[in-house]
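Here the structure is laid out as structure tokens; the discussion comes afterwards.
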Amino acid sequence: MSLDRLIEKIEQTQNPSVAGLDPKLAYVPEYIKEKCFEKYGETLKGAAKALLEFNKGLIDALYDIVPAVKPQAAYYEMYGPAGVKTLYKTQEYARSKGMYVITDGKRNDIGTTMEAYAAAHLGKVQVGKETYEPFLGDALTVNGYLGSDGIKPLLATCRDNDKGIFVLVKTSNPSSGELQDKKIDGVTIYETMGRMCEEWGRDLPGVYGYSGVGAVVGATYPDQLKYLREKLPATFFLIPGYGAQGAGAKDIAGAFDKNGLGGIVNSSRGIMCAYQKEKCDEHEFAEAARREAIRMRDEIMGCVGKITLNK
């Protein structure tokens with residue numbers, strides 16, 4: 015099962031963190047932009063090429079210490095077809111380095127439309143006699159707030175292709191409580207969604223106690239994060255909100271079980287823009303990203319303790 019592979023990478027690296035690759039041109043060093051613009055012009059293609067070179071530099075610096083990357087599709091789609099190609103190439107490059115790839119697309123629809131999303135991001139597509147894998151993610155973030163109609167089409171695709179999903183449950187944004195904290199029959203909507211993840215996960219059991227249906231639970235709400243860990247023992251968490259959004263290692267400590275498993279913590283700007291924060295030479299952007307990833311790992315592991323696998 016796909017999330018088993020993620021868990022094994024986390025144990026191997028002793029690092030429950032994922033680098034979010036959400037690049038903007040403002041994050042890319044000037045020398046990379048200048049080189050790409052000189053060759054391709056100040057065009058969408060030139061921008062996409064700059065993002066790809068930036069991403070490759072980050073991946074080269076991180077792949078041996080960070081188990082996973084999480085490219086956010088919107089940051090690539092904004093540059094049109096060339097940007098979408100860069101998303102694919104980024105996934106391909108990360109996979110070639112042995113990293114687990116979480117596509118952050120938050121897809122949400124029902125019926126045959128969700129089947130199409132599943133085929134695109136988690137499955138394969140038949141073209142005549144040939145079969146293709148359109149994108150190269152190992153897991154996909156999805157929005158479950160349309161109910162089971164938007165999730166069930168994904169489960170068979172995940173099972174057949176060794177892929178996983180992370181369902182939005184308690185998100186890290188400030189206004190999440192406007193809907194997710196409301197109660198129905200005394201139970202919050204986010205807990206209700208979490209319970210549904212546990213139920214859906216029964217179709218994708220894993221060997222380490224966590225299913226192939228994970229949940230997105232924000233670090234910016236540590237009490238809810240700890241509560242949901244207790245209530246959702248078979249659901250692995252993708253945890254945004256660390257770093258730039260304000261949460262620290264102590265805020266995510268409640269997400270982990272006695273073996274140091276249970277979640278993976280995302281940092282995007284904190285890692286990508288570390289060279290800007292350090293005010294070091296922009297040619298050292300990758301080295302700065304590595305330093306920040308190590309700092310983040312050590313801070314989190316100070317709260318989590320040693321990670322062990324327990325089948």
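Numbering (the working numbering), first residue to last: 15 to 325.
Every residue gets a Cβ at the ideal spot worked out from N, C-alpha and C, and that includes glycine.
Is residue i buried or exposed, if buried means 16 or more other CB atoms sit within 10 Å of its CB?
i    : result
V141 : exposed
I198 : exposed
G158 : buried
E25  : buried
K291 : exposed
T145 : exposed
V221 : exposed
V156 : buried
E205 : buried
A40  : exposed
R309 : exposed
Tell me the DSSP bridge mates of residue i?
i    : result
D118 : Q86
V279 : S31 and I253
R229 : Reading the sequence as shown, one finds Ala at residue 229 and not Arg. Bridge partners of A229: V181 and F251.
V201 : I198
I believe residue i touches residue j by the beta-carbon criterion, under 8 Å. Please report the beta-carbon distance rounded to the nearest angstrom.
i    : j    : result
L160 : R121 : Not quite, the Cβ-Cβ distance comes to about 11 Å (not below 8 Å), so this is no contact.
A233 : G255 : 4 Å
Just the Cα atoms here: how many angstroms apart are residue i and residue j?
i    : j    : result
A300 : G71  : 6 Å
K23  : T322 : 11 Å
C348 : G223 : Since the first residue shown for the chain is 15 and the last is 325, residue 348 is missing from the structure and cannot be characterised.
V32  : V80  : 6 Å
E244 : R304 : 33 Å
A64  : E306 : 22 Å
I21  : E52  : 42 Å
L9   : P219 : The requested residue 9 is not part of the displayed model; the chain covers only 15 to 325.
I285 : E313 : 14 Å
K272 : P188 : 30 Å
Those runs of the beta strand (DSSP E) which lie wholly inside the segment 162–199 and span at least 3 residues: 178–184
Contiguous alpha helix (DSSP H) assignments of at least 4 residues, all confined to the segment 236–260: 236–245
What beta strand (DSSP E) runs, 3 residues minimum, are completely inside the segment 115–154? 139–141 and 144–146
Write down every uninterrupted run of the alpha helix (DSSP H) in the segment 46–99 whose length is 4 residues or greater and which is fully enclosed by it, in chain order. 58–76 and 88–91
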